[in-house]
Amino acid sequence: MDSLSPQDATAALNLAPRPPRVFKFWGTALWGLVIFVAMFLGQVAVIVYRIMAQGAELSVAGITHVVADGLTISLSVLAGLPMVVLALWVAIRRTGIPFADYLGLRGTSWKNVIIGIVALVVLVGAWDMVSRAAGREVTPGFMGDVLKSAQEHSALWLLVIAFAVAAPLWEELFARGWLYRGWSESALGPYGAILLSSIVWTIMHLQYDWFFLCEVLSIGLLFGYLRFRTGSSWLTILLHGLNNLAATIQTWWLAG
124 MDSLSPQDAT AALNLAPRPP RVFKFWGTAL WGLVIFVAMF LGQVAVIVYR
174 IMAQGAELSV AGITHVVADG LTISLSVLAG LPMVVLALWV AIRRTGIPFA
224 DYLGLRGTSW KNVIIGIVAL VVLVGAWDMV SRAAGREVTP GFMGDVLKSA
274 QEHSALWLLV IAFAVAAPLW EELFARGWLY RGWSESALGP YGAILLSSIV
324 WTIMHLQYDW FFLCEVLSIG LLFGYLRFRT GSSWLTILLH GLNNLAATIQ
374 TWWLAG
């Protein structure tokens with residue numbers, strides 16, 4: 124009978140494929156920072172290009188004017204998507220788990236889709252009622268200016284694609300895909316992962332005031348719970364896109 128020498132056994136172990144593994148708390152957090160930086164660099168590159176293309180003054184006022192431009196915002200949001208996907212691919216490739224499996228990119232039932240839409244409509248409708256009762260704007264004021272700016276550049280269609288397609292894709296892949304997956308399999312567990320990933324997602328929306336940040340947090344908690352119950356990130360991507368599309372249409376309507 125043939126037998127392996129110690130050297131042969133060591134070589135065989137070295138050639139054996141590494142078993143798939145999920146990043147836990149710190150691995151998810153550190154790679155999450157890398158993914159966020161990649162997205163940020165992609166958006167900054169677009170902003171720098173637009174500043175140079177417009178010949179804006181290198182002053183706070185000049186840069187602010189370009190950054191608030193509807194076309195610039197649209198392009199920067201779109202630029203974030205490929206950067207996030209690339210960084211996610213690099214990170215997930217190290218785990219040995221298929222890209223779609225790691226991020227929960229799997230379908231779900233129509234029943235879950237309907238439940239998700241109804242829950243989102245009820246939640247957002249409740250926030251709108253509170254906003255009106257408090258005498259506040261239903262939509263963030265700056266969004267109307269962004270839409271008007273995009274119209275002036277004939278780029279309203281691009282803004283809709285950026286807000287209703289690109290942003291939901293990379294934000295959900297990051298928050299409910301990457302962060303939730305790793306943190307839910309750490310000591311935090313699913314509910315801790317839902318809460319922490321929702322907080323991180325809310326911090327990514329600091330352009331809003333405290334009221335809208337609270338609304339964003341509540342939506343994040345809903346999306347996180349649906350991700351947990353259905354195992355599907357596609358569901359949260361769909362709901363996120365519908366929410367952003369409805370908010371864009373509502374802002375456009377109110378802005379006249």
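Count along the sequence shown starting at 1, add 123, and that's the number in my numbering.
We put the beta carbon where it would ideally sit given N, CA and C, even for glycine.
Contact between W154 and A214 holds: their C-beta atoms lie close to 4 Å from each other, under 8 Å.
Pairing E275 with G193 gives a Cβ-Cβ distance under 9 Å. For Y303, the enclosing alpha helix (DSSP H) begins and ends at 303 to 307.
In terms of Cβ geometry, L204 and A289 form a close pair [threshold 9 Å]. In this structure I170 does not touch V200 by the C-beta definition: roughly 11 Å separates them, more than the 8 Å allowed.
With contacts defined as CB atoms closer than 9 Å, A287 and L362 fail to qualify as a contacting pair.
In chain order, P143 place their CB closer than 6 Å to the CB of I220, counting only its own chain and leaving out the 5 sequence neighbours on each side. Distances from the alpha-carbon of L292 to those of W233, I372, L358, G248 put L358 closest. Between M266 and E294, the gap from beta carbon to beta carbon reaches 9 Å or more. In the structure shown, E338 adopts helical secondary structure according to DSSP, grouped into three states. For Q166, same chain residues with a beta-carbon under 6 Å away, outside a window of 5 residues either side, are S199, A202, G203 in chain order.
If you check the CB distance, R217 and A223 do not come in under 9 Å. It is roughly 10 Å from the alpha-carbon of G178 to the alpha-carbon of Y172. In the three-state DSSP reduction, Y225 falls in the helix class (H, G or I). Ranked by Cα distance from R299, the first of Y348, L336, L209 is Y348. Ranked by Cα distance from E338, the options V244, A273, T195 are led by V244. Here L226 has L211, I215, L296, G300, W301, R304, S356 as same chain residues with Cβ atoms under 8 Å from its own Cβ, once five neighbours each way along the sequence are excluded. By the criterion of a C-beta distance shorter than 6 Å, T231 is surrounded in its chain by T353, S355, L358, once the five residues flanking it on both sides are discounted.
Restricting attention to N235, P263, L156, A152, the CA atom closest to the CA of W333 is found in P263. Secondary structure of E275 (DSSP, three-state): helix.
Taking the Cβ atoms as the reference, T325 lies roughly 4 Å from L340, within the contact range of under 8 Å.
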